[in-house]
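Enquirer: Take a look at this one; I'll ask things after.
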Amino acid sequence: QRLREAQGQLDSQPEDQRERLLQGVQEMREQLDVAQRAYEDLEFQQLERESRQEEEDRDSPGPQVPDPKVQELQASIAQHRHRIRVLEEQLKSLGEQMVAESRGLSQKKEEALQALSQERSRLLELNCLQGTPGGDFSEPNPALTKLLFTQKTDRQLLVLQDAAAHSTATPTSSCLFSVHSSLQAPPTPPHPPGRRILDLRQHLEGWGHNPENCPHVQVSGGCCRGPLVKMG
-12 QRLREAQGQL DSQPEDQRER LLQGVQEMRE QLDVAQRAYE DLEFQQLERE SRQEEEDRDS
48 PGPQVPDPKV QELQASIAQH RHRIRVLEEQ LKSLGEQMVA ESRGLSQKKE EALQALSQER
108 SRLLELNCLQ GTPGGDFSEP NPALTKLLFT QKTDRQLLVL QDAAAHSTAT PTSSCLFSVH
168 SSLQAPPTPP HPPGRRILDL RQHLEGWGHN PENCPHVQVS GGCCRGPLVK MG
């Protein structure tokens, strides 16, 4: 019965896990079949010997000396019984291992699905920040601006600020100050929506940025590339 339960659990396993576990179950089943047949043969021989011994006891009354062959056969039967119990325990352990691996794979699958759902939600959020068809792209969007200029970590910001403190004013430090000032500036009141095309350079300049002073930032009509620094 345990063997049938273990084989039934194989159907829910992945292909690579199923082949490995199926091989282990097959080996245990073969060992169990061999031990079972040997046990049945020894039991049958034991019954025959006991039957003959009873007949001999009736024919020759008196104290009987145990037959060494009978004792040897009884010891062999006990050994095979122990072997069968060991195989049954191994088969039970294998079934529990299969169940544990199945639960682990199910949990990993659930975590992967959750991560995929979070990435999809983040992508939809980015699309909403950039606007919908027919929306107004000419006016600055505070959330989008912060998203564009807060990609680097605070540790990188501290490194850049420390380097700027030991050097003279450069276009890079002017750019950092411009980004920091723009992120603290209050948002411009929204205008009525209209069908316009996003001009990213105009969008950044509307927030007080000067791309010309930031040689490490490349800005085109709809694309901004280069290392961005988180300010504030």
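Reading the sequence shown from the start, the letters are residues -12 to 219 in our numbering.
We put the beta carbon where it would ideally sit given N, CA and C, even for glycine.
Just so we're clear, the structure is a prediction, and the values are computed from it rather than from any experiment.
With a Cβ-Cβ cutoff of 8 Å, do L34 and L60 count as a contact?
Expert: Contact: no.
Enquirer: Determine which residues share a DSSP beta bridge with Q205 and list them.
Expert: Its beta-bridge partners are R212.
Enquirer: Between which two residues does the alpha helix (DSSP H) harbouring H190 extend?
Expert: Taken as a continuous stretch (DSSP letters only), the alpha helix (DSSP H) holding H190 covers 187 to 193.
Enquirer: Once the 5 residues before and after Q189 are set aside, which same chain residues still bring their CB inside 6 Å of it?
Expert: Counting only Cβ-Cβ distances below 6 Å, and skipping sequence neighbours, we find nothing.
Enquirer: Taking three-plus beta-carbon pairs below 8 Å as touching, is the stretch 81 to 91 in contact with the stretch 53 to 73?
Expert: No, because fewer than three Cβ pairs between the stretch 81 to 91 and the stretch 53 to 73 fall closer than 8 Å, the two stretches do not touch.
Enquirer: Under 8 Å, do R70 and A102 count as touching if we go by C-beta distance?
Expert: Going by C-beta atoms, R70 is not nearer than 8 Å to A102.
Enquirer: Would DSSP call H67 helix, strand or coil?
Expert: Helix at H67.
Enquirer: Could you check whether G11 and L100 sit closer than 8 Å to each other, using their CB atoms as the reference points?
Expert: In this structure, G11 does not lie closer than 8 Å to L100 by Cβ.
Enquirer: Determine the contact status of M85 and L8, defining contact as a CB-CB distance below 8 Å.
Expert: Cβ distance < 8 Å, so M85 and L8 count as in contact.
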